[in-house]
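Residue numbers (mature numbering (1 follows the signal peptide of the UniProt record, and there is no 0)): -18 to -1, 1 to 273.
Here's the structure, in structure tokens; my notes come after.
Structure follows, in structure tokens:
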């Protein structure tokens, strides 16, 4: 790390213990999707544009992180949009998107609201500890100096939000010299996707705001995370309101049935297995998801 980076880190980290910091950080989140990975490759450009327009509300969002030295809550900015989230598509997309996320750094606790196919849950878990590696790169994000850090994050096999189309993988040739069929040729959509075991997370944090917090579940760096890049998603801070005269209260969410992360993942797996069995029972003809 550059010497100037070290000076900043030690200076702001040391002074943070004597400061009462509070504020709001506004983030723009954008996720990219390649429709060719999940649909018919012969889909027309007009059809792709129509689908992407319908998905826009789920792929481009604004979030607000309200924080102090020890606590934070991360919520999607409320907005009124006619027709947003209607129909089965909205229900399905929403089922894999977290609601409000509360973090308590002192208790190492995260509480996360989830609505999964019409049922509300409150996941009570510990904050994921990533092995951050702070690099030498830096850049300005607005008026703040941001320093680059990277980490590898393990992904749960049932996290469908991370799903991707299986690659055209070929097994070793068998004794007859034939190559195994590509798994994407299956009519079962669940056979055509996979969840990566791990992803690379890149964060840009600023020691000028010495709180070890960030958007969503991310934390653990010596400064507020201003930008995150992981998988197909980029989250960028667009505005910060620091130390307002009247700080907003940070209340832990209480909505939904409280479950552990392990219990919630088990519920997701059971529902996914049910949908898969229903699909196969209909001979791959599709239809509505089971209740």
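Where is the CB? At the ideal position from N, CA and C, for every residue including glycine.
Quantities reported herein were computed from a predicted structural model and do not represent experimental measurements.
Do residue 45 and residue 58 have their CB atoms nearer than 7 Å?
Contact flag set, yes.
Under 7 Å between the Cβ atoms of residue 113 and residue 243?
For the pair residue 113 and residue 243, the CB atoms are not nearer than the 7 Å cut-off.
By the 10 Å Cβ neighbour count, where 16 or more other Cβ atoms means buried, how is residue 124 classified, buried or exposed?
Exposed is the label assigned to residue 124, since fewer than 16 other Cβ atoms lie within 10 Å of its Cβ.
State the DSSP-derived secondary structure class of residue 225, mapped to helix, strand or coil.
Correct three-state label for residue 225: coil.
With a 10 Å radius around its C-beta and 16 neighbouring C-beta atoms as the bar for buried, classify residue 264 as buried or exposed.
It counts as exposed.
Residue 214, enclosing alpha helix (DSSP H) - first and last residue
Per DSSP, residue 214 is not a residue of any alpha helix (DSSP H), being assigned neither H nor E.
From residue 205 to residue 42, what distance separates their C-alpha atoms?
So the two alpha carbons sit approximately 25 Å from each other.
Per DSSP, cross-strand counterpart(s) of residue 176:
Residue 176 is bridged by DSSP to 146.
Pull up the distance between the alpha-carbon of residue 110 and that of residue 199, whole angstroms please.
So the alpha carbons of these two residues sit roughly 7 Å apart.
My output table needs one value for residue 141: the three-state DSSP class, helix, strand or coil.
Coil at residue 141, not helix or strand.
Under the DSSP definition of a beta bridge, which residues are partnered with residue 237?
Paired residue(s): none; residue 237 is not in a bridge.
Only counting the same chain, and skipping five residues up and downstream in sequence, which positions put a Cβ closer than 7 Å to that of residue 221?
Hits under 7 Å: 8.
Per DSSP, what are the beta-bridge partners of residue 10 in this structure?
Beta bridge pairing from DSSP links residue 10 with 44 and 218.
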